[in-house]
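Everything below concerns the one structure shown next.
Number of protein chains: 2
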Amino acid sequence: MKIMKTFGLLLMMALCVTNTFAQQNLFGGQDIKSGVVNDDNTVTFRFIAPNAKLVQVAGDFVDKVEDNPIGGLVGTGLVDMKKETDSMWVYTSKPLKSELYSYLFVVDGVATIDINNVHVYRDFGTISNVFLVGNGLADLYKVNDIAHGSLTHVWYDSKALGVDRRMNVYTPPGYEANKNKRYPVLYLLHGTGGDENEWVTFGRTIQIMDNLIAQGKAEPMIVVMPNGHPYLEAAPGESHWGYYKPEHNHTARPAATFEEIFPEIMNFVDANFRTLQDKSHRAIAGLSMGGGHAMAISKRYENTFDYVGLFSAAGSLRTDEDVEQLKKQFANGVKLYWIGMGSDDFLYQRGVDFRNKLDEMGLKYTYVETGGGHVWNCWREYLSILAPQLFK
Amino acid sequence: MKIMKTFGLLLMMALCVTNTFAQQNLFGGQDIKSGVVNDDNTVTFRFIAPNAKLVQVAGDFVDKVEDNPIGGLVGTGLVDMKKETDSMWVYTSKPLKSELYSYLFVVDGVATIDINNVHVYRDFGTISNVFLVGNGLADLYKVNDIAHGSLTHVWYDSKALGVDRRMNVYTPPGYEANKNKRYPVLYLLHGTGGDENEWVTFGRTIQIMDNLIAQGKAEPMIVVMPNGHPYLEAAPGESHWGYYKPEHNHTARPAATFEEIFPEIMNFVDANFRTLQDKSHRAIAGLSMGGGHAMAISKRYENTFDYVGLFSAAGSLRTDEDVEQLKKQFANGVKLYWIGMGSDDFLYQRGVDFRNKLDEMGLKYTYVETGGGHVWNCWREYLSILAPQLFK
Numbered sequence: 005m006k007i008m009k010t011f012g013l014l015l016m017m018a019l020c021v022t023n024t025f026a027q028q029n030l031f032g033g034q035d036i037k038s039g040v041v042n043d044d045n046t047v048t049f050r051f052i053a054p055n056a057k058l059v060q061v062a063g064d065f066v067d068k069v070e071d072n073p074i075g076g077l078v079g080t081g082l083v084d085m086k087k088e089t090d091s092m093w094v095y096t097s098k099p100l101k102s103e104l105y106s107y108l109f110v111v112d113g114v115a116t117i118d119i120n121n122v123h124v125y126r127d128f129g130t131i132s133n134v135f136l137v138g139n140g141l142a143d144l145y146k147v148n149d150i151a152h153g154s155l156t157h158v159w160y161d162s163k164a165l166g167v168d169r170r171m172n173v174y175t176p177p178g179y180e181a182n183k184n185k186r187y188p189v190l191y192l193l194h195g196t197g198g199d200e201n202e203w204v205t206f207g208r209t210i211q212i213m214d215n216l217i218a219q220g221k222a223e224p225m226i227v228v229m230p231n232g233h234p235y236l237e238a239a240p241g242e243s244h245w246g247y248y249k250p251e252h253n254h255t256a257r258p259a260a261t262f263e264e265i266f267p268e269i270m271n272f273v274d275a276n277f278r279t280l281q282d283k284s285h286r287a288i289a290g291l292s293m294g295g296g297h298a299m300a301i302s303k304r305y306e307n308t309f310d311y312v313g314l315f316s317a318a319g320s321l322r323t324d325e326d327v328e329q330l331k332k333q334f335a336n337g338v339k340l341y342w343i344g345m346g347s348d349d350f351l352y353q354r355g356v357d358f359r360n361k362l363d364e365m366g367l368k369y370t371y372v373e374t375g376g377g378h379v380w381n382c383w384r385e386y387l388s389i390l391a392p393q394l395f396k
Numbered sequence: 005m006k007i008m009k010t011f012g013l014l015l016m017m018a019l020c021v022t023n024t025f026a027q028q029n030l031f032g033g034q035d036i037k038s039g040v041v042n043d044d045n046t047v048t049f050r051f052i053a054p055n056a057k058l059v060q061v062a063g064d065f066v067d068k069v070e071d072n073p074i075g076g077l078v079g080t081g082l083v084d085m086k087k088e089t090d091s092m093w094v095y096t097s098k099p100l101k102s103e104l105y106s107y108l109f110v111v112d113g114v115a116t117i118d119i120n121n122v123h124v125y126r127d128f129g130t131i132s133n134v135f136l137v138g139n140g141l142a143d144l145y146k147v148n149d150i151a152h153g154s155l156t157h158v159w160y161d162s163k164a165l166g167v168d169r170r171m172n173v174y175t176p177p178g179y180e181a182n183k184n185k186r187y188p189v190l191y192l193l194h195g196t197g198g199d200e201n202e203w204v205t206f207g208r209t210i211q212i213m214d215n216l217i218a219q220g221k222a223e224p225m226i227v228v229m230p231n232g233h234p235y236l237e238a239a240p241g242e243s244h245w246g247y248y249k250p251e252h253n254h255t256a257r258p259a260a261t262f263e264e265i266f267p268e269i270m271n272f273v274d275a276n277f278r279t280l281q282d283k284s285h286r287a288i289a290g291l292s293m294g295g296g297h298a299m300a301i302s303k304r305y306e307n308t309f310d311y312v313g314l315f316s317a318a319g320s321l322r323t324d325e326d327v328e329q330l331k332k333q334f335a336n337g338v339k340l341y342w343i344g345m346g347s348d349d350f351l352y353q354r355g356v357d358f359r360n361k362l363d364e365m366g367l368k369y370t371y372v373e374t375g376g377g378h379v380w381n382c383w384r385e386y387l388s389i390l391a392p393q394l395f396k
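Chains as they are written, first to last, in the working numbering: chain A, 5 to 396; chain B, 5 to 396.
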């Protein structure tokens, strides 16, 4: 008789051999839970490593430790776990404020995934475990017991690039039931380390929209998340490049820029989803590179979007043509030009320069500055702030 | 100035502190690739662990080692990596036959994810890295440079269970362009350790269907992958239960069985996708528990499916009513009753008993026996064999 699930059992056997942990179950590998949020918003981590000298948790929830050369340098912290049995290391955090957090374990200096938390997200070439602390802001990032929209992974034909490309499209609750209703569209763009999937995973777009709509705070809308890298067809693992680790040293020269192909994306969406197809029902927003894209696309197609959102935007006005386009865009009317930036963002000064330019030109925008750096915590919050202001 | 991606940098710093590896990039964490398939179908694994005494690869591609108490027991193997520098462990496999493989590293007896392969799939409570070796059967499991269908995650209202529940729906290439065309439907069901996502991840359903359709081997069809556990609304992390580790010790007593709610699923699909809604355009197949579901549902609704697929099925005829339903189903006509089983499957004898019963009753079926056990390798292959025989 063969076993049911090779890996579950393999882990079980591996553990039996090291004689460290008796209770296993057939499918679950190690019968241990880790990254568990407790009722008081503390979080408990567990890891079996009988021979390790030191196991640490590295996470964006750990206080910076000034005299820690690792934690101090990177703006996050490392905290030691304690060996509570012959093999089990444990750490329980202090109560954490509501947020979606990421972490890894560091075992004798070697970074590793927490194998007892099956929720692992990828951010460019890095994977980490995640957990969510509720009772606050991050309740918007939860799947709650409310009506849910749909998410579709769909491919469109880019004639300009000569390839099919993947996008993710959120349709709001009620889209299936109300077959004659048309909806406004938010185009939501990722950063240079991202792809069409990141607003879904770390970005929690589906949950944010479902929750804001259920609370009556946001209009039901379609959210389109395309892939903003013209040299890519889709996220890693989703294209014919296969399973690969993303790198920034690509040398491909795509036949067109993302700005140039953007009308292909809009045409596909308008042809295949029940969209409202006028300026007052179109928004475009993005983070970092995607903020640059949102700026560039909204001024290039200068009478297309009534709502623009720039999150920690990596964009600037370089040429006279840029300035002229922006002038025209504002002359045509923009209902909301929304800019969000974290006070610790490495692009902070670029944001200052851009806003100074807007001020000089007398162009009206809304500016929200939060704490935090160039991180998803900010971008999820910016989407949560912006979405309720759209299409009203 | 804050850093771009906390974790990438944290890893970089962690590595600098251990003084083991100089070349990093900003986003990628460690600038190392692992689980890399080489041109000759060998696969190279790399892991940095300067202080480890032994790093091993545990994978479903490793030969069984008879005198290895771990490998021998679980039907897979462990193989030692070699320390090639002060810190870097390396292993290159022999050339592997075409397949989608899973693996972990075992560091001094502790199982861990390969952090330099960002492709991690979950199977119930276990996560593992994956890689794909092409030039054979697994070319069907690849995203190839062909026309792609869409995948939609959508929620339906189960009145019988009193909750909204999630399902995944594949629509074939051309579905968007041919707005008046209707398609046959395959309902594809998961096993007891699975959920609506597993036929998408380990099952490679999207890729198998895209490839078979592009090759002209399968009819364009809709594939519906519902969640077969009535006590669940959706996969772990996708419901209001939040991020949790699945367990089998749930005690919930759902108000209805999966067999009972199945018409709700079909009604939702027929109302929201362009389906052909007669028996000759409906198929149902499943693996393990899902094979039991396919058997039970197809005989309960005895004039609904012309095609039935039982993959390593965990189902049997227990009562006289079961036998009567099956008789009626076959009397109404079944175009294909397809049974697949691996010779090493722990349910092998159950399959023998069921086929003996069918033989006694004079009911016609198609039987395919492969090597292998109760594993995804078999189920992907069974879908690849069955799909071309549907709706013809």
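By construction, the Cβ of each residue, glycine as well, lies at the ideal position given by its N, Cα and C atoms.
Only a predicted model underlies this, so the values are computations on that prediction, with no experimental measurement involved.
Exercise for the section: Determine the direct distance from the alpha carbon of F206/B to that of L30/A, and round the result to whole angstroms. Expected result: With a pLDDT of 31 at L30/A, under the threshold of 50, the predicted position of this residue should be treated as unreliable, and no value is reported.
Exercise for the section: Please determine if the region 284-304 of chain B and the region 316-335 of chain B are in contact, where contact requires at least 3 C-beta pairs separated by less than 8 Å. Expected result: yes
Handout entry: Interface residues of the region 271-286 of chain A facing chain B [CB-CB below 9 Å]
Key = F272, A275, N276
Exercise for the section: Report all residues from its chain with a CB closer than 7 Å to the CB of H152/B; omit the five preceding and five following residues, and keep chain order. Expected result: P177, D214
Handout entry: CB contact below 8 Å: I119/A versus chain B
Key = yes
Practice task
Going by CA-CA distance only, name the one from E364/B, K339/B, N381/B, K368/B that's closest to D349/B.
Solution key: N381/B
Exercise for the section: Take A164/A as the anchor and find which of P54/A, H254/A, P234/A has the nearest alpha-carbon. Expected result: P234/A
Exercise for the section: Have a look at V61/B and F109/B and give me their C-alpha separation to the nearest angstrom. Expected result: 5 Å
Problem - Any chain A beta carbon closer than 8 Å to S154/B - result: yes
Practice task
Would you check if the region 338-345 of chain B and the region 371-386 of chain B touch, i.e. whether three or more CB-CB distances between them fall below 8 Å?
Solution key: yes
Handout entry: 8 Å Cβ cutoff met for S102/A and P54/A
Key = no
Problem - Validate contact between the region 310-327 of chain B and the region 209-227 of chain B using beta carbons, cut 8 Å, 3 pairs - result: no
Exercise for the section: Closer than 9 Å, Cβ to Cβ, to anything on chain A: give me those residues from the region 219-250 of chain B, in chain order. Expected result: E237, A238, P240, G241, E242, S243, H244, W245, G246, Y247, Y248, K249, P250
Exercise for the section: Please say whether T308/B and R286/B have beta carbons closer to each other than 8 Å? Expected result: yes
Handout entry: Within 8 Å, strictly: CB atoms of V59/A and F51/A
Key = yes
Handout entry: Cβ of W1/A within 8 Å of any chain B Cβ
Key = Look at the range of chain A in this structure, 5 to 396, and you will see that residue 1/A is not part of it.
Practice task
Compile a chain-ordered list of the residues in the region 301-333 of chain B whose CB is closer than 8 Å to at least one CB of chain A.
Solution key: none
Problem - For L100/B, three-class secondary structure by DSSP - result: coil
Practice task
Identify the contact partners of I212/B in chain A, using a Cβ-Cβ distance below 8 Å as the criterion.
Solution key: None at all; the shortest Cβ gap to chain A is about 15 Å.
Exercise for the section: Could you tell me how far apart the beta carbons of D118/A and S38/A are, in whole angstroms, since I believe they sit closer than 8 Å? Expected result: 5 Å
Problem - Interface positions of the region 109-134 of chain B facing chain A (Cβ-Cβ less than 8 Å), listed along the chain - result: V110, V111, D112, G113, V114, A115, T116, I117, I119, N120, N121, V122, H123, V124, R126, D127, F128, G129, T130, I131, S132, V134
Exercise for the section: Within its chain, find whatever has a CB closer than 8 Å to the CB of P240/A; leave out the 5 residues flanking it on each side and keep chain order. Expected result: R126, D199, Y247, Y248, K249, P250
Handout entry: CB contact check: H194/A to chain B, cutoff 8 Å
Key = no
Handout entry: Contact list for A53/B against chain D, beta-carbon separation under 7 Å
Key = The structure shown contains no chain D; the protein chains it does contain are A and B.
Practice task
Could you please tell me which residues of the region 157-168 of chain A, in chain order, have their CB closer than 7 Å to any CB of chain B?
Solution key: H157, V158, W159, D168
Exercise for the section: Compare the C-beta of L216/B with all C-beta atoms of chain A and state if any pair is closer than 8 Å. Expected result: no
Practice task
Determine the chain A residues that contact N148/B at a beta-carbon separation under 9 Å, and present them in chain order.
Solution key: H244
Exercise for the section: Using a threshold of 8 Å, state whether the C-beta atoms of E180/B and N184/A are closer than that. Expected result: no
Problem - Ordered list of beta strand (DSSP E) runs contained in the region 181-258 of chain A, each at least 3 residues - result: 189-193, 226-230
Handout entry: Beta-carbon proximity of V122/B to I131/A, cut-off 8 Å
Key = yes
Exercise for the section: Specify the secondary structure class of S381/A as computed by DSSP and reduced to three states. Expected result: The sequence given here has Asn at residue 381/A, not Ser. In the structure shown, N381/A sits in a helix (DSSP, three-state: H, G or I).
Exercise for the section: Enumerate in chain order the residues of its own chain whose CB-to-CB distance from A222/A is below 8 Å, with the five nearest sequence positions on each side excluded. Expected result: M213, L216, A391, P392, L394
Handout entry: Sequence ranges, beta strand (DSSP E) only - wholly within the region 297-363 of chain A, length at least 3
Key = 311-315, 340-346
Handout entry: Cβ-based burial, Q333/B [other Cβ within 10 Å; buried from 16]
Key = buried
Exercise for the section: Assign M85/A to one of two classes, buried (16 or more other C-beta atoms within 10 Å of its C-beta) or exposed (fewer than that). Expected result: buried
Practice task
Give the interface partners of K37/B over in chain A, defined as CB-CB distance under 7 Å, in chain order.
Solution key: K249
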